[in-house]
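Numbering (the working numbering), first residue to last: 3 to 248. Beta carbons are placed, not taken as given, at the ideal position from N, Cα and C, and that holds for glycine. Bear in mind that the values here come from a model prediction, so they are computed numbers and not experimental data. Below: one structure, written as C-alpha cells.
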Amino acid sequence: MALKLICEITIGDIISGISVILFCWFTYQALKQTRKNVERPRIKELLRVIIFPTIYFLREIIKNIEKGIAHYAKSFITIENTYRDELIFIEFKDKYPEILNDIRKLDSICKSAKENYNELHNIIFEEIKDESIKKIKEFNEKFDRKIYTDLSEESIINEVKQEFSYYILGADPSSSSMKIFWNEHGEQLSEARKKGKELESSIEEDVNKIREMIERIKPRLTEKRDSLMKEYGIEPRILKQETRWG
C-alpha cells in the first residue's frame, strides 16, 4: 500500500513537473517571438541601410577591378562614408565590431590607392598635355572633323585631362572621331604611361590587398545577412523591394 502511494505521488510529481516545464517553454517561446516582432523593424533597417549596401559595394569594387586599371577610379570606394543613419550604424558597430574593423582597413587601403591613382592621372596629363593639344589641332585640319565641339585651348585641356589618361590606361575611346584619332596618335601618347610605372606598381599592390580584404569581409557579411533574415522571418523579395541594393 505504501509502495503504491509512493508510486502514485512520484507519477503525479512527474506529470506536474512536465506541465511546468511545458508552460515555461511555451511562455519562453511566446516572449522570444514577441521580442523578435519588436526587433524586426530595426533588423530590417540594419539590413537595408548597412548590410545590403555594403555587400553591393564589395561586389562593385571587385567588378570594376576586374575590368582593368582604367576602371579603378570606381573601385576605390570608402564604404563607411556611405553610412548615413547614425543609430543603425551604432548598432552595426556594437553587433559586428570585427567586421567593421575590417571595413575600415579596406577603406584605408582604398583611400591610399585613390590618392595614388589620381596622382598617376596627373603625371600622365602633364606629360601629354602640350602634345595632345597639338595633335588634336592637326587632326581637325587634316580630317576636317571635330573631336570636341568647343575647340578653345582651355576646353581641349579640360577634355584631355578628363579622358586621355583613361585611354592611355586602356579604356576605349568615347566616339568614332576619337577612335580614329587614337588609332593614329594613341601609341605615341601612351609612352607617357612609363612616367608613372612606380605609382602604377604601388596601385596594383593596393588592389591585391583590397581583394584580400574583400575575401575576408564578404563571406562573413553574407552569412550575417542570411542568418538575420532567417531568424527574423524577413523575406528576401520584400527587402529587395525596399532597397536598390538587392
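| Item | Value |
| --- | --- |
| Look at the alpha carbon of Phe28 and the alpha carbon of Ile219, and state the distance between them as a whole number of angstroms. | Only weak support exists for where Phe28 lies, its pLDDT of 48 falling under 50; the value from the coordinates is given anyway. The alpha-carbon atoms of Phe28 and Ile219 are separated by roughly 38 Å. |
| Going by beta carbon distance, what residues of the same chain come within less than 8 Å of Arg213, once the five residues before and after it are set aside? | Ile64 and Ile67 |
| Cα-Cα, which of Arg195, Ser178 and Tyr169 is closest to Lys1? | Here the chain has residues from 3 to 248 only, and residue 1 is not among them. |
| Since Ser204 is in the alpha helix (DSSP H), which residue starts that stretch and which ends it? | Lys199 to Glu233 |
| State the Cα-Cα distance for the pair Lys144 and Tyr169, rounded to the nearest angstrom. | 22 Å |
| Less than 8 Å between C-beta atoms, sequence neighbours within five positions excluded: which residues of the same chain meet that for Ile135? | Glu155, Ile158, Ile159 and Val162 |
| Roughly how many angstroms separate the alpha carbons of Lys46 and Glu206, rounded to a whole number? | 37 Å |
| Nearest CA to the CA of Gly172: which residue from Cys112, Arg195, Leu153 and Asn118? | Arg195 |
| Starting from Asp87, trace the alpha helix (DSSP H) both ways and give me its first and last residue. | First-last for Asp87: undefined, no H or E at that position. |
| What's the gap between the Cα of Gly235 and the Cα of Arg50? | 15 Å |
| How close, in whole Å, do the beta carbons of Ser176 and Glu186 come, if the pair is a contact with beta carbons under 8 Å? | So it is not a contact: roughly 16 Å between Cβ atoms. |
| Quick check on the burial criterion: 16 or more other C-beta atoms within 10 angstroms. Buried or exposed for Ile92? | exposed |
| Who are the near neighbours of Arg86 in its chain, counting only those whose CB is closer than 8 Å to its CB and skipping five residues on each side? | Val51 |
| Helix, strand or coil: which one does DSSP assign to Ala173? | coil |
| Does DSSP put Ile8 in a helix, a strand or coil? | Confidence in Ile8 is poor, its pLDDT being 49 and thus under 50, which makes the residue's placement too unreliable to answer from. |
| What's the C-alpha gap between Glu129 and Leu201? | 15 Å |
| Using the Cβ count rule (16 or more neighbours within 10 Å means buried), how would you classify Leu5? | The pLDDT assigned to Leu5 is 47, lower than 50, so where the model puts this residue is not dependable; a value taken from the coordinates is nonetheless given after this. It counts as exposed. |
| Which whole-angstrom value is the C-beta distance of Ile105 and Glu82, which I expect to be below 8 Å? | 6 Å |
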